[in-house]
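**Q**
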Amino acid sequence: MTRLAPSPPQTLTVAGQRGRVQLVRLLSLWRHRYSSRRKLARLDPALLKDIGLTDDAARTESEIPFWRP
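What the sequence shown shows, in this note's numbering, is residues 5 to 73, in sequence order.
(1) I'd like the list of long-range same chain contacts for LEU33, defined as Cβ closer than 6 Å, with 5 residues on each side in sequence excluded.
(2) Between which two residues does the alpha helix (DSSP H) containing PRO49 stretch?
(3) Could you tell me the distance, in whole angstroms, from the CA atom of ARG35 to the CA atom of THR6?
(4) Could you give the first and the last residue of the continuous alpha helix (DSSP H) run that contains ARG29?
(5) Checking 7 Å against the spacing of the C-beta atoms, do LYS66 and ARG41 come in under that value?
(6) Taking Cβ positions, are PHE70 and ARG46 nearer each other than 7 Å?
(7) Determine the closest residue to ARG63 out of PRO49, VAL18, ARG72, LEU8, with distance taken between C-alpha atoms.
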């Protein structure tokens, strides 16, 4: 009868760690875009005018999905 020895726990390779860091950064960027666009959608026309945006420009920007720049 053959017995299997337990394998040591796998550690992340340097490439795997880099990939994880890049994923966290991407998710953070997406969250920021989502939040910023939702806030932009809620601004009233007077505030939009103060920052130099029209209602149409703000609406167009706020409708862009978070994964698109």
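For each residue, glycine too, the CB sits at the ideal point set by N, CA and C.
In this text the structure is predicted, and so the values were computed from the model without any measurement.
**A** Quick answer:
(1) Excluding residues within five positions, none has a Cβ falling inside 6 Å.
(2) 49-54 is the span of the alpha helix (DSSP H), which, as asked, contains PRO49.
(3) About 51 Å.
(4) Taken as a continuous stretch (DSSP letters only), the alpha helix (DSSP H) holding ARG29 covers 18-46.
(5) Sequence inspection shows Ser at residue 66; the Lys mentioned does not correspond to that position. A contact, by the Cβ cut-off of 7 Å.
(6) Taking 7 Å as the cut-off, the Cβ atoms of PHE70 and ARG46 do not count as close.
(7) Distance from the Cα of ARG63 is smallest, within the candidate group PRO49, VAL18, ARG72, LEU8, for PRO49.
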